[in-house]
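Numbering (this note's numbering), first residue to last: 18 to 615. Glycine included, C-beta positions come from ideal geometry on N, C-alpha and C. Everything on this sheet refers to the single structure shown next.
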């Protein structure tokens, strides 16, 4: 019995051992047969399976997002980096083959671009090279390609240069897809980052394209050309393309390309001496081909206007005469805006032989040149010599010069002009009172204690039986109070400029304080004005500060220009269109300060 029991025990033990062993084997086979769904490698292996491929891509993208969140968007984080090593090569290879449906392909490309890893560049470049906007397709893919373009810029991927330019030159800014999430702006920003010199010839070709009409019916075509040409001018200036100087000057000369003109001027400023040489040649008549181009474009613009607005009007002899001088004003603008010391002599030399109209055009721009006593004296001589009823482009020339005078930040000049205006008698011409009004406004900006009596005399001048000062009942008491409070000490005006009232409403307090600080403090306050510009919230005050900083930096200012450049860069990269527009003039000033410091 015992033996039986023992045998039974042994049998049971053996049987249990067999069962246990088989259980272990079964359990082991279950573990070995189930893939780990949390492992990136599992989904990488499935990329070769057409049935499972899409789901695996989606899962790997989710893993990437999860790891980035875990590592607080650090692409070198302890969780993200190992994931990159496991998935980037196979996913890039898959994206390059293009074996996915369009929706998944777009998501994958956006994710790869977001990694900003060198291993994905080849796939992104291929995708860009083959990408074409299509309004028939859902927006998702184009939105994802917008992300690809943006991240190409963030990566500074020069390998993508050709593909980016191909996309730029083929994309019409007027297309709805180009407006999707500001795709056109994204592409422009990426081009600015890459600044590929290989684009030079292509950009010049785009810049040279004529704009046939400004008729509103051609709005889309005009929008496309303005986009292509503005970006082209911008990049050509950035890469300092000397070859582009004639094309850039043509932009300034053409009435059809007005909106591109500011960017073209900025580009010419960056180029420095080649622009001066070309501008002076145009100014002095040494480039008849460009002068003829200006004449032809002037006449073509008139004919275009007559065809759409003033139907039946013809180009008469006077307009033909104006066309022959069309080059002059723009030549002056080019040379003065480059604004280096080398520009002074040719500008003043041309004043010696120009007529009254040309003199006024040139003198109006002289304040943009580096501060120089000869320049100020030349301006005053033109003001004196200009007849009271002379006109430039339909505006009174003497008033126009008076309005430009405060930009010299010179109280001696302002006093002389105001004194001459105050002494004029109404019988000397129909425009005398208007000139006195302009002189009053000039002194309201730049007059101090020494000019206060003269300001009061001008304010009492009569127009139709009423003092012209009545039009400034709000501003004149403020001017008197500020002069009394601040006197002739620049530090007092700087304090007022930094105070809470300076930015209110029209910014009149800030404008007045800025002119006074500049006039009384000269170059010594330039750094203060730069710092105040960085915090200026009022557009009119900001513009005034920029003009005065420019005036007070005859040889540039490498330290302060870096402060302004940083502010400018932040505004341009903000993707805030209003903020970007607010620094349009600052771009020109920064470029001029850099050119002077070269």
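Specify, as a first and last residue, the run of the alpha helix (DSSP H) that residue i falls within.
i, result
"residue 94", "Counting along the chain, residue 94 falls outside any alpha helix (DSSP H), and DSSP gives it neither H nor E."
"residue 384", "That residue, residue 384, is in no alpha helix (DSSP H); it is neither H nor E in DSSP."
"residue 250", "236 to 255"
"residue 314", "305 to 325"
"residue 596", "594 to 598"
"residue 509", "507 to 514"
"residue 258", "Where residue 258 is concerned, there is no enclosing alpha helix (DSSP H), given that its DSSP letter is neither H nor E."
"residue 692", "The displayed coordinates of the chain run from 18 to 615. Any statement about residue 692 would go beyond what the structure contains."
"residue 467", "Neither: residue 467 is in no alpha helix (DSSP H) and is coded neither H nor E."
"residue 344", "343 to 355"
"residue 60", "57 to 62"
"residue 231", "Element bounds for residue 231: n/a, residue is neither H nor E."
"residue 615", "First-last for residue 615: undefined, no H or E at that position."
"residue 560", "556 to 568"
"residue 492", "492 to 503"
"residue 584", "575 to 589"
"residue 367", "361 to 370"
"residue 433", "428 to 440"
Please look up how many angstroms separate the CB atoms of residue i and residue j, rounded, as I've assumed it's under 8 angstroms.
i, j, result
"residue 463", "residue 359", "Going by Cβ atoms, the distance from residue 463 to residue 359 rounds to 28 angstroms, so no, they are not a contact pair."
"residue 141", "residue 126", "7 angstroms"
"residue 196", "residue 223", "Between residue 223 and residue 196 the Cβ distance is about 20 angstroms, and since that is not below 8 angstroms, they are no contact."
"residue 386", "residue 376", "Contact doesn't hold; Cβ gap of about 15 angstroms is too wide."
"residue 425", "residue 403", "Going by Cβ atoms, the distance from residue 425 to residue 403 rounds to 16 angstroms, so no, they are not a contact pair."
"residue 251", "residue 286", "In fact, because the Cβ distance is near 12 angstroms, the residues do not count as touching under 8 angstroms."
"residue 5", "residue 577", "The question about residue 5 has no answer, for the chain in this structure spans 18 to 615."
"residue 537", "residue 573", "About 23 angstroms separates the two Cβ atoms, so there is no contact after all."
"residue 542", "residue 581", "Actually they do not touch by this definition, with Cβ atoms about 15 angstroms apart."
"residue 374", "residue 349", "That belief does not hold up - the Cβ atoms of residue 374 and residue 349 are roughly 12 angstroms apart, past 8 angstroms."
Tell me the rounded alpha-carbon separation between residue i and residue j.
i, j, result
"residue 675", "residue 268", "Here the chain has residues from 18 to 615 only, and residue 675 is not among them."
"residue 282", "residue 352", "10 angstroms"
"residue 556", "residue 570", "21 angstroms"
"residue 284", "residue 384", "20 angstroms"
"residue 397", "residue 343", "25 angstroms"
"residue 448", "residue 454", "10 angstroms"
"residue 390", "residue 192", "53 angstroms"
"residue 505", "residue 324", "57 angstroms"
"residue 253", "residue 531", "34 angstroms"
"residue 175", "residue 135", "11 angstroms"
"residue 97", "residue 180", "29 angstroms"
"residue 204", "residue 172", "14 angstroms"
"residue 107", "residue 61", "7 angstroms"
"residue 159", "residue 83", "24 angstroms"
"residue 519", "residue 558", "8 angstroms"
"residue 458", "residue 231", "36 angstroms"
"residue 262", "residue 291", "7 angstroms"
"residue 563", "residue 109", "48 angstroms"
"residue 101", "residue 86", "14 angstroms"
"residue 414", "residue 406", "8 angstroms"
"residue 237", "residue 288", "32 angstroms"
"residue 560", "residue 602", "7 angstroms"
"residue 441", "residue 225", "50 angstroms"
"residue 336", "residue 316", "8 angstroms"
"residue 361", "residue 482", "44 angstroms"
"residue 534", "residue 467", "15 angstroms"
"residue 182", "residue 207", "10 angstroms"
"residue 43", "residue 53", "Model confidence at residue 43 stands at a pLDDT of 39, short of 50, so the residue's coordinates are unreliable; what they give is reported in the following sentence. Going from the Cα of residue 43 to the Cα of residue 53 covers about 18 angstroms."
"residue 115", "residue 94", "29 angstroms"
"residue 540", "residue 452", "30 angstroms"
For residue i, is the classification buried or exposed, using 16 other Cβ atoms within 10 angstroms of its Cβ as the cut-off for buried?
i, result
"residue 494", "exposed"
"residue 201", "buried"
"residue 152", "exposed"
"residue 215", "exposed"
"residue 77", "buried"
"residue 551", "exposed"
"residue 523", "exposed"
"residue 485", "buried"
"residue 545", "buried"
"residue 596", "exposed"
"residue 144", "buried"
"residue 49", "In this prediction, residue 49 has a pLDDT of 42, which is less than 50 and means its spatial position is unreliable; what the coordinates show is noted afterwards. Per the 10 Å Cβ criterion, exposed."
"residue 65", "exposed"
"residue 329", "exposed"
"residue 137", "buried"
"residue 164", "buried"
"residue 600", "buried"
Does the beta carbon of residue i come closer than 8 angstroms to any beta carbon on chain D?
i, result
"residue 222", "No chain D is present in this structure, which holds just one protein chain."
Q: Any chance you could list the alpha helix (DSSP H) runs of at least 4 consecutive residues sitting entirely within the segment 100 to 177, in chain order?
A: Segments of the alpha helix (DSSP H) lying fully in the segment 100 to 177: 119 to 132, 138 to 147 and 156 to 172.
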